[in-house]
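Engineer:
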Amino acid sequence: MAWNEPDDNDRDPWGGRRGDQGPPDLDEVVRRMQEKLGGMFGRGRPSNRTGGGSNQFSWVLIIIAAVLYLAYDMFYRIDAAEQGVVLRFGRYVDTLQPGPHLRFPRPIEYVVKENVAQIRTYTASSTMLTGDENIVDIEIAVQYRIRDLKNFLFEISDPAETIRQVTESSIREVIGENKLDFVITEGRAVIGERARDRIQSSIDLYEAGLQITSVNMQPAKPPEEVKASFDDAIKAREDKQRKINEAEAYSNEVVERASGEASQIRLEAEGYKEQVIAISEGEASRFEQLLVEYRRAPEVTRRRLYLDAVESFYRGSTKVMMDTNQGNSLMYLPIDKLLERQDARDARQPLRGLVPEAPTFGGVPDTGARDRTDARLRGSR
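Heads up: the sequence shown begins at 1 in the working numbering, then just goes up one per residue.
Have a look at this one:
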């Protein structure tokens with residue numbers, strides 16, 4: 001049956017009779033819509049007596065559901081590590097900080113949230129050319145986070161691709177400014193710092209809203225084809241540095257020991273100087289005192305000085321010198337002590353007598369000394 005073909009009751013599909021050519025009744029259309037909505041909420045076709053109450057109840061349910069949905073959709077919360085961007089009809093309005101917020105319901109406003117505290121990492125490896133035209137393999141890791149959410153969302157279309165291109169360009173530039181020895185030895189930290197500064201400068205130029213936190217470069221390696229030669233060069237460099245360290249250690253040891261010996265010699269010299277000065281001052285003071293005594297009694301002082309000199313000269317001698325011309329006092333000789341010294345000096349020779357032999361002068365016996373000894377013996381009797 002065609003759309004406008006009448007059925008058996010002379011009615012078309014739109015509910016009107018064929019003979020009725022006027023517009024549809026508006027009240028009839030509203031009534032049919034209410035019936036359909038009532039069926040959706042589980043209610044049947046209203047009767048003529050309760051039709052008005054059912055319509056009001058349906059509209060109340062619709063309004064309550066709409067209010068609940070709007071309340072749920074308008075209220076939202078930004079977490080502590082996040083920021084949010086408000087879009088009103090697709091246009092940027094504001095950047096929201098952590099906390100609860102309200103907005104117009106969708107589709108009027110949308111909120112885009114991102115974790116701005118999360119550290120993102122980009123890693124890359126490549127073969128690059130150094131400043132002295134050598135090839136080296138570089139592995140690098142770039143860590144970054146979102147600093148400005150608005151620029152991050154709207155100023156660049158692909159943040160990861162932007163980081164990749166900027167990092168590769170900056171690293172190649174820094175590696176090309178340094179020689180191979182510096183790159184593969186102590187220059188890793190320096191290269192990382194320089195690369196971080198240049199990457200950050202390029203990112204700021206693009207207004208990408210990113211903050212580069214660190215750039216970590218792994219130890220650079222030469223290509224596999226020349227790795228053996230590079231290992232030999234590195235070993236030779238290490239041997240050179242080891243020899244330098246050993247030489248410096250030996251030099252420091254020798255210098256310290258020489259400094260200690262020089263200091264000791266200086267101290268001994270200072271002590272000897274003070275000793276000589278003290279002795280000289282003492283001798284000078286003694287001489288001045290003797291001079292005073294000599295002026296008072298010249299003869300006695302001369303005699304005393306003479307006796308002191310003779311005593312000091314014969315102190316270590318085993319012979320006993322006696323002068324009996326000055327008196328007849330009886331004198332006792334320490335025969336036992338003399339014998340002990342004689343035995344210690346020559347234990348093999350027998351004792352010849354108690355009277356000492358006459359001394360010699362210039363190889364000739366001194367008979368006068370023997371006569372003086374006999375005279376002393378006679379005087380003692």
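For every residue, glycine included, the Cβ atom is placed at its ideal position computed from N, Cα and C. Since the structure is predicted, the reported quantities are computational estimates derived from the model, not experimental observations.
Please classify Pro-159: is it buried, with 16 or more other beta-carbons within 10 angstroms of its beta-carbon, or exposed?
Structural biologist: As a first step, residue 159 must be located in the sequence shown, where it is residue number 159. Result: buried.
Engineer: Tell me, which residues are paired with Ile-401 by DSSP?
Structural biologist: Residue 401 falls outside the range modelled here, since the chain spans only 1 to 381, and no answer is possible.
Engineer: Just the Cα atoms here: how many angstroms apart are Ala-243 and Ile-140?
Structural biologist: The residue given as residue 243 occupies position 243 in the sequence shown. The residue given as residue 140 occupies position 140 in the sequence shown. The sequence shown places Lys at residue 243, rather than the Ala named in the question. Cα to Cα, the separation comes out at about 33 Å.
Engineer: Could you check how far apart the C-beta atoms of Glu-293 and Thr-301 are, in whole angstroms? I think they sit under 8 Å.
Structural biologist: Counting from 1 along the sequence shown, the entry for residue 293 is found at position 293. Counting from 1 along the sequence shown, the entry for residue 301 is found at position 301. Indeed, because the Cβ distance is near 5 Å, the residues count as touching under 8 Å.
Engineer: Name the DSSP beta bridge partners of Tyr-110, please?
Structural biologist: Indexing the sequence shown from 1 puts residue 110 at position 110. Tyr-110 is bridged to Leu-87.
Engineer: Can you name, in chain order, every residue of its own chain whose Cβ lies under 7 Å from the Cβ of Ala-208, other than the five neighbours on each side?
Structural biologist: In the sequence shown, counting from the first residue as 1, residue 208 sits at position 208. Contacts found: Asn-151, Phe-152, Glu-155, Ile-156, Pro-159, Thr-162.
Engineer: So, helix, strand or coil for Asp-148, using DSSP?
Structural biologist: The residue you call residue 148 lines up with position 148 of the sequence shown. Note: Asp-148 maps to coil in three-state DSSP.
Engineer: Contact defined as beta carbons within less than 8 Å: I believe Leu-129 pairs with Gly-176. What is the distance between those atoms, to the nearest angstrom?
Structural biologist: In the sequence shown, the residue the question calls residue 129 occupies position 129. In the sequence shown, the residue the question calls residue 176 occupies position 176. That pair is a contact at about 6 Å.
Engineer: In whole angstroms, what is the alpha-carbon distance linking Gln-200 and Ala-80?
Structural biologist: The sequence position of residue 200 within the sequence shown is 200, counting from 1. The sequence position of residue 80 within the sequence shown is 80, counting from 1. Their Cα atoms are separated by approximately 25 Å.
Engineer: Use the C-beta contact count for Tyr-250: other C-beta atoms within 10 angstroms, 16 or more gives buried, fewer gives exposed.
Structural biologist: The sequence position of residue 250 within the sequence shown is 250, counting from 1. When all chains shown are included, Tyr-250 counts as exposed.
Engineer: Taking a contact to mean a Cβ-Cβ separation below 8 Å, would you say Lys-386 touches Asp-132 in this structure?
Structural biologist: This structure does not reach residue 386, given that the chain is present from 1 up to 381, and the question cannot be answered.
Engineer: Is the Cβ-Cβ distance between Val-183 and Ala-228 less than 8 Å?
Structural biologist: Numbered from 1 along the sequence shown, position 183 holds the residue referred to as residue 183. Numbered from 1 along the sequence shown, position 228 holds the residue referred to as residue 228. For Val-183 and Ala-228, no; Cβs fall outside 8 Å.
Engineer: Quick one, are the C-beta atoms of Val-112 and Leu-87 less than 8 Å apart?
Structural biologist: Here the question's residue 112 lines up with position 112 in the sequence shown. Here the question's residue 87 lines up with position 87 in the sequence shown. Closer than 8 Å, so yes.
Engineer: Between the C-alpha atoms of Leu-307 and Ile-265, what's the straight-line distance to the nearest angstrom?
Structural biologist: For the purposes of this step, residue 307 is taken as the residue at position 307 of the sequence shown. For the purposes of this step, residue 265 is taken as the residue at position 265 of the sequence shown. Looking at the two C-alpha atoms, the distance is approximately 41 Å.
Engineer: Cα separation between Glu-238 and Pro-223?
Structural biologist: As a working mapping, residue 238 is identified with position 238 in the sequence shown. As a working mapping, residue 223 is identified with position 223 in the sequence shown. Roughly 20 Å separates the two Cα atoms.
Engineer: Are there 16 or more other CB atoms within 10 angstroms of the CB of Gly-260, so buried, or fewer, so exposed?
Structural biologist: Here residue 260 corresponds to residue number 260 of the sequence shown, with the count starting at 1. When all chains shown are included, Gly-260 counts as exposed.
Engineer: Cα separation between Tyr-314 and Arg-304?
Structural biologist: For the purposes of this step, residue 314 is taken as residue 314 along the sequence shown, with counting starting at 1. For the purposes of this step, residue 304 is taken as residue 304 along the sequence shown, with counting starting at 1. Cα-Cα distance, rounded: 15 Å.
Engineer: Mind checking Ser-170: buried by the 16 CB within 10 Å criterion, or exposed?
Structural biologist: On the sequence shown, residue 170 is found 170 positions in, with the first residue counted as 1. Ser-170 should be labelled buried.
Engineer: Which residue from Thr-127, Ser-214, Ile-119, Pro-98 puts its Cα closest to that of Ile-146?
Structural biologist: Within the sequence shown, the letter at position 146 stands for residue 146. Nearest option by C-alpha distance: Ile-119.
Engineer: From this set, Ser-280, Val-166, Ile-138, which residue's C-alpha is nearest Arg-188's C-alpha?
Structural biologist: Locating residue 188 in the sequence shown gives position 188, counting from the first residue. Answer by Cα proximity: Ile-138.
Engineer: Compare the C-alpha of Ser-202 against each of Ala-258, Thr-167, Val-226 and name the closest.
Structural biologist: Here the question's residue 202 lines up with position 202 in the sequence shown. With distances taken between Cα atoms, Ser-202 lies closest to Thr-167.
Engineer: Find the nearest neighbour of Pro-105 within the set Tyr-76, Asp-94, Glu-246, Ile-135, judged by alpha-carbon distance.
Structural biologist: Numbered from 1 along the sequence shown, position 105 holds the residue referred to as residue 105. The candidate whose alpha carbon is nearest that of Pro-105 is Tyr-76.
Engineer: Can Gln-211 and Tyr-144 be called in contact, C-beta distance under 8 Å?
Structural biologist: For the purposes of this step, residue 211 is taken as residue 211 along the sequence shown, with counting starting at 1. For the purposes of this step, residue 144 is taken as residue 144 along the sequence shown, with counting starting at 1. Cβ distance < 8 Å, so Gln-211 and Tyr-144 count as in contact.
Engineer: Residues in the same chain with beta-carbon distance under 8 Å from Thr-127, minus the five sequence neighbours each way, listed in chain order, please.
Structural biologist: Position 127 of the sequence shown holds residue 127. Cβ within range, chain order: Ile-135, Val-136, Asp-137, Ile-138, Pro-223.
Engineer: First and last residue of the alpha helix (DSSP H) that includes Ser-157?
Structural biologist: Counted from its first residue, the sequence shown places residue 157 at position 157. Per DSSP, Ser-157 belongs to no alpha helix (DSSP H) and is neither H nor E.
Engineer: So which of Thr-185, Ala-195, Arg-164 has the shortest CA-CA distance to Val-401?
Structural biologist: Here the chain has residues from 1 to 381 only, and residue 401 is not among them.
Engineer: So Pro-100 and Glu-82 are in contact, right, with Cβ under 8 Å, and what is the actual spacing, rounded?
Structural biologist: What you label residue 100 is simply residue 100 of the sequence shown in a count that begins at 1. What you label residue 82 is simply residue 82 of the sequence shown in a count that begins at 1. Pro-100 to Glu-82, Cβ: 13 Å. No contact.
Engineer: What's the C-alpha gap between Leu-96 and Asp-148?
Structural biologist: Here the question's residue 96 lines up with position 96 in the sequence shown. Here the question's residue 148 lines up with position 148 in the sequence shown. Leu-96 and Asp-148: Cα-Cα distance of roughly 11 Å.
Engineer: In the DSSP output, what is Arg-122 paired with across the bridge?
Structural biologist: For the purposes of this step, residue 122 is taken as the residue at position 122 of the sequence shown. Looking at the sequence shown, residue 122 is not Arg but Tyr. Partner(s): Val-142.
Engineer: Rounded to whole angstroms, how far is the Cβ of Ala-124 from the Cβ of Arg-172, which I believe are closer than 8 Å?
Structural biologist: Translated into positions along the sequence shown, residue 124 becomes position 124. Translated into positions along the sequence shown, residue 172 becomes position 172. That pair is no contact at about 11 Å.
Engineer: Please report the straight-line C-alpha distance between Asp-181 and Asn-245, rounded to a whole angstrom.
Structural biologist: The residue given as residue 181 occupies position 181 in the sequence shown. The residue given as residue 245 occupies position 245 in the sequence shown. So the alpha carbons of these two residues sit roughly 20 Å apart.
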